[in-house]
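>
Number of protein chains: 2
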Amino acid sequence: MKPTVHDIAAVAGVSLATVDRVLNRRPGVSARTRDKVEAAVSTLGFVRDVAAANLAKGRVYPLTFVLPANDNSFMRDLEAEVREAIARAPVERTAISIVKVPPFDADALVRALDALIDEKPAGVALVAVDAPDVVAAVDRLVEAGIPVVTLVSDLPTSRRSHFAGIDNLAAGRTAASLLGRFVGREPSSIAVVAGSLLVRDHRERLEGFRAVMAKDYPHLTVLDAIEGRDDPAVVERLLGAELDRRGDISGIYSLGAGNRGLLAALRSAPRRDRIAVVAHELTGTTREALDVGLIDAVLNQDAGHEVRSAIRVLKAKADGAPLLAGQERIRIDIFLKDNLP
Amino acid sequence: MKPTVHDIAAVAGVSLATVDRVLNRRPGVSARTRDKVEAAVSTLGFVRDVAAANLAKGRVYPLTFVLPANDNSFMRDLEAEVREAIARAPVERTAISIVKVPPFDADALVRALDALIDEKPAGVALVAVDAPDVVAAVDRLVEAGIPVVTLVSDLPTSRRSHFAGIDNLAAGRTAASLLGRFVGREPSSIAVVAGSLLVRDHRERLEGFRAVMAKDYPHLTVLDAIEGRDDPAVVERLLGAELDRRGDISGIYSLGAGNRGLLAALRSAPRRDRIAVVAHELTGTTREALDVGLIDAVLNQDAGHEVRSAIRVLKAKADGAPLLAGQERIRIDIFLKDNLP
DNA sequence: CTGTTAGCGCATTCAA
DNA sequence: TTGAATGCGCTAACAG
Chain L
1 MKPTVHDIAA
11 VAGVSLATVD
21 RVLNRRPGVS
31 ARTRDKVEAA
41 VSTLGFVRDV
51 AAANLAKGRV
61 YPLTFVLPAN
71 DNSFMRDLEA
81 EVREAIARAP
91 VERTAISIVK
101 VPPFDADALV
111 RALDALIDEK
121 PAGVALVAVD
131 APDVVAAVDR
141 LVEAGIPVVT
151 LVSDLPTSRR
161 SHFAGIDNLA
171 AGRTAASLLG
181 RFVGREPSSI
191 AVVAGSLLVR
201 DHRERLEGFR
211 AVMAKDYPHL
221 TVLDAIEGRD
231 DPAVVERLLG
241 AELDRRGDIS
251 GIYSLGAGNR
261 GLLAALRSAP
271 RRDRIAVVAH
281 ELTGTTREAL
291 DVGLIDAVLN
301 QDAGHEVRSA
311 IRVLKAKADG
321 APLLAGQERI
331 RIDIFLKDNL
341 P
Chain R
1001 MKPTVHDIAA
1011 VAGVSLATVD
1021 RVLNRRPGVS
1031 ARTRDKVEAA
1041 VSTLGFVRDV
1051 AAANLAKGRV
1061 YPLTFVLPAN
1071 DNSFMRDLEA
1081 EVREAIARAP
1091 VERTAISIVK
1101 VPPFDADALV
1111 RALDALIDEK
1121 PAGVALVAVD
1131 APDVVAAVDR
1141 LVEAGIPVVT
1151 LVSDLPTSRR
1161 SHFAGIDNLA
1171 AGRTAASLLG
1181 RFVGREPSSI
1191 AVVAGSLLVR
1201 DHRERLEGFR
1211 AVMAKDYPHL
1221 TVLDAIEGRD
1231 DPAVVERLLG
1241 AELDRRGDIS
1251 GIYSLGAGNR
1261 GLLAALRSAP
1271 RRDRIAVVAH
1281 ELTGTTREAL
1291 DVGLIDAVLN
1301 QDAGHEVRSA
1311 IRVLKAKADG
1321 APLLAGQERI
1331 RIDIFLKDNL
1341 P
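Chains L and R are the protein sequences, given in the same order. Residue numbering for the first sequence follows this note's numbering, starting at 1 and increasing by one per position. Residue numbering for the second sequence follows this note's numbering, starting at 1001 and increasing by one per position.
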């Protein structure tokens, strides 16, 4: 049988309360007795039953998700997943709240994070804007003992506990490999549409893309990135102009959102069926475009997985418990029209 | 606060024991009181705390994994994942045992399954061989009240509760889409290497592959599938002969195991760098081949995810609990050399 | 600094 | 057919 607190109390020759104090690193235990208890724990191979502990504590994990009030499909989807998690809250012993902040606004994000410090949630997940002030605010939360998980866009220089998102450098490289093979072997140009190069995930995708293109597909010229602010109208205007201006564009990498604009531009482009397209995020728009052959491949991050992972990680960190690395790795999903879920 | 059994006992005007009888559908309750309790349950929106219930019951879930004693990397990997789950058993309240059976042997599998009926495990997971006898044996288990999950290879005509594996038709289609774009636009031939067309997953992959090839890439001729029995030596011999015989092979789809043999044949092929290759399962062999450019893409199913999913599903079925569909969908992972994990 | 005791939400004897 | 009482493994007052 699995050893219980009673067993280690007996072996260590102390009471349950003392065992509990040692297990939960609470003060008021002499070094000698602590040692005895710890010895018993390790010789018996005791691992505490988290479910029972939570039951006894009546523990709930108050978690806060800080999300940008962006209205693109992906962010909506992410929020919907958080709301589903809220629906499961009673079962999972979580109490999740959502805080919305203006998109691409570091100051607002910082204010939101600082406001959380007093609420003392058991964990915070946020879609990071890449700015030094945000790093500092995240570090203040961690300093205050609140685990922080970055979601979708990382903040690697901060002290965040974990990143629940894809490897964006690899995503960019993958896009380049696909596009490089989809377009022909004759020299031509590749257009790139980003949202904003102020967010880290977009910058990283571009970097990975350019690296592989330069190395493996030197006959292809990667044009300067168009910054469409993830706004369909802007994307349509800028990309449309570029497609009109140059006749040698054989491929497009859309690494941000606003794909409705991309499709509009594409539909009125002269050589549209000879243009290979790789985009990000599987939404209603991109799925349909895949289906009719306007987009050739979509790189996707599973918002549901990211949210569930963030919750698992925050709970584990709050308990100081280990996690299963394999389960928390967020994959770069590649969808062609043939493997749509 | 979330309602507890006490609350519904109070509202229904009965004792805890009666509530428990109703909740667990045990006999010895009059229709009238049962109705009262059920009314209280639904008006209060009671959902029972599985963790507390398991604590009280001291419940463990005895689960059995029936795995083929195949020695290819993928099956080894799968078994390793089950062993990792065994290591987590105390925490997850599972007691997992592994039963090994000879590969591709329906009779042996049937005997193993029938032997389980008396052990009455809380659930069984198996890698199915596609044969009517196996279907019948699975149905006998289900009939006996034991939930069954098929792993990797499905048995859709059986009464299995769930399939933890990828959509193999979609995988084949995806392979065709990739290969069709990787090879040029000139007419040429595509070689196909299968393990055995007696297993359903291989058959389905081939079917999906052929369908897309015929529809979207009519200039490519798909050759008859080589059946390599997932054996490197056999694969090397048969594929090598085919590569020698025909000079017009521009691509290979390896939909089974035994990729060491494929690589050996490829290395001594005359036009090896003009042959595009799509294979299945990310192993040491295929990963290395991706890296050096001998293989262009690998379709993978995450063995760890499959095992964890099977366990979650079996536990949920044993409790009659619902599951999160999104979490249990096994993805077709597509790896290029750029997004290796 | 240490121990006693009650109770978290549920299941299960054992009586009535 | 029903109910009272006890315990699962752990935590947290409250005493000493």
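Here a beta-carbon is modelled for each residue, glycine too, at the ideal position from N, C-alpha and C.
Within 6 Å: the Cβ of Arg1026 (chain R) and any heavy atom of the ligand MN?
Inclusion of the ligand MN in the displayed structure is not the case, the ligand content being empty and no account of it being possible.
> On the premise that Asp1338 (chain R) lies in contact with Asp1302 (chain R), defined as a C-beta separation below 8 Å, what is that separation, rounded to the nearest angstrom?
That pair is no contact at about 18 Å.
> Would you call the segment 173-186 of chain L in contact with the segment 203-223 of chain L, where contact means no fewer than 3 C-beta pairs closer than 8 Å?
Result yes; three or more Cβ-Cβ pairs closer than 8 Å.
> Report all residues from its chain with a CB closer than 6 Å to the CB of Thr285 (chain L); omit the five preceding and five following residues, and keep chain order.
Closer than 6 Å at Cβ, skipping near neighbours: Asn259, Arg260.
> Per DSSP, Gly1251 (chain R) is paired with what?
R:Ile1190, R:Ala1276.
> Determine the contact status of Pro1121 (chain R) and Leu1063 (chain R), defining contact as a CB-CB distance below 7 Å.
In contact: Pro1121 (chain R) and Leu1063 (chain R) (Cβ atoms closer than 7 Å).
> Could you check what DSSP says for Ala1125 (chain R) in three-state terms: helix, strand or coil?
Looking at Ala1125 (chain R) - three-state DSSP - the assignment turns out to be strand.
> For Ala53 (chain L), tell me which candidate among L:Leu340, L:Asp319, L:Arg331 has the shortest Cα-Cα distance.
Nearest C-alpha to Ala53 (chain L): L:Asp319.
> Return the residue from the list L:Asp49, L:Glu328, L:Asp248, L:Val124 that minimises the CA-CA distance to Leu314 (chain L).
Among L:Asp49, L:Glu328, L:Asp248, L:Val124, the Cα nearest to that of Leu314 (chain L) is on L:Val124.
> As a quick exercise: from R:Gly1184, R:Arg1312, R:Val1234, pick the residue whose alpha carbon is nearest that of His1162 (chain R).
For the residues R:Gly1184, R:Arg1312, R:Val1234, the minimum Cα distance to His1162 (chain R) belongs to R:Arg1312.
> Closest by CA to Val1069 (chain R), which one among R:Ala1056, R:Ala1087, R:Asp1105?
The sequence given here places Ala at residue 1069 (chain R); Val does not occur at that position. Looking at the Cα atoms, R:Asp1105 is the closest of the given residues.
> By the DSSP assignment, the alpha helix (DSSP H) with Lys1120 (chain R) in it spans what residues?
Note, Lys1120 (chain R): premise wrong, no alpha helix (DSSP H); not H, not E.
> Exposed or buried, which one is Ile1098 (chain R) when buried takes at least 16 other CB atoms within 10 Å?
Answer is exposed; the Cβ neighbour count stays below 16.
> To the nearest angstrom, how far is it from the Cα of Phe1074 (chain R) to the Cα of Asp118 (chain L)?
Computed Cα separation, rounded: 50 Å.
> Does DSSP classify Leu1324 (chain R) as helix, strand or coil?
Leu1324 (chain R): coil per DSSP, three-state reduction.
> Spell out the partners DSSP gives Tyr1061 (chain R) in its beta bridges.
Bridge partners of Tyr1061 (chain R): R:Thr1094.
> Output, in chain order, the set of chain R residues within a Cβ distance shorter than 8 Å of Ala85 (chain L).
Per Cβ cutoff of 8 Å: no residues; Ala85 (chain L) is ~10 Å from chain R at best.
> How about Lys57 (chain L): is its C-beta nearer than 7 Å to some C-beta of chain R?
Chain R, which has no Cβ nearer than 7 Å to the Cβ of Lys57 (chain L), makes this no.
> On the DSSP letters alone, give me the boundaries of the beta strand (DSSP E) that Glu345 (chain L) sits inside.
Missing from the structure shown is residue 345 (chain L); chain L here goes from 1 to 341 and no further.
> Between Ala1080 (chain R) and Glu1306 (chain R), is the Cβ-Cβ spacing less than 7 Å?
Result no, Cβ atoms of Ala1080 (chain R) and Glu1306 (chain R) do not sit closer than 7 Å.
> State the Cα-Cα distance for the pair Asn72 (chain L) and Leu1067 (chain R), rounded to the nearest angstrom.
Rounded to the nearest angstrom, the two C-alpha atoms are 45 Å apart.
> Let's test the definition: count the other Cβ atoms within 10 Å of the Cβ of Pro102 (chain L) and tell me whether it reaches 16, buried, or not, exposed.
Answer is exposed; the Cβ neighbour count stays below 16.
> Leaving out the 5 sequence neighbours to the left and right, which residues in its chain are closer than 6 Å to Lys1036 (chain R) when beta-carbon positions are compared?
Closer than 6 Å at the Cβ level, and outside the excluded window around Lys1036 (chain R), lie Ala1012.
> What residue range is occupied by the uninterrupted beta strand (DSSP E) comprising Ala164 (chain L)?
Note, Ala164 (chain L): beta strand (DSSP E), 162-164.
> Measuring alpha carbon to alpha carbon, tell me which residue in L:Glu236, L:Ala264, L:Gly240, L:Val192 is nearest His280 (chain L).
Minimum Cα distance to His280 (chain L) is reached at L:Val192.
> Restricting to runs no shorter than 4 residues, where is the alpha helix (DSSP H) found entirely within the segment 1021-1066 of chain R?
List check, alpha helix (DSSP H) in window: 1031-1044, 1050-1057.
> Using the beta-carbon of each residue, which ones in chain L are nearer than 7 Å to Pro1090 (chain R)?
Simply Lys2, Val47.
> Using only alpha-carbon positions, find the residue among L:Val212, L:Gly326, L:Gly304, L:Gln327 that is nearest to Asp77 (chain L).
Answer by Cα proximity: L:Gly304.
> Does the CB of Ser1177 (chain R) have a neighbour CB from chain L at under 7 Å?
So, interface residue.
> Tell me whether the beta-carbon of Leu1197 (chain R) lies closer than 7 Å to the beta-carbon of Arg1203 (chain R).
Contact flag set, yes.
> Straight-line CA distance for Ser1188 (chain R) to Ser1250 (chain R)?
About 6 Å.
> Measuring CA to CA, which of L:Asp49, L:Arg59, L:Val60 is closest to Leu1055 (chain R)?
Of L:Asp49, L:Arg59, L:Val60, the residue nearest in Cα terms is L:Asp49.
> Does DSSP classify Phe182 (chain L) as helix, strand or coil?
Three-state result, Phe182 (chain L): helix.
> In chain order, what residues of the same chain have a beta carbon less than 7 Å from the beta carbon of Ala137 (chain L), not counting five sequence neighbours either side?
Result list for Ala137 (chain L): Val110, Leu113, Asp114, in chain order.
> Is the beta carbon of Ser1153 (chain R) less than 7 Å from the beta carbon of Asp1201 (chain R)?
Cβ distance < 7 Å, so Ser1153 (chain R) and Asp1201 (chain R) count as in contact.
> Name the two residues that bound the continuous beta strand (DSSP E) containing Ile1334 (chain R).
Note, Ile1334 (chain R): beta strand (DSSP E), 1333-1335.
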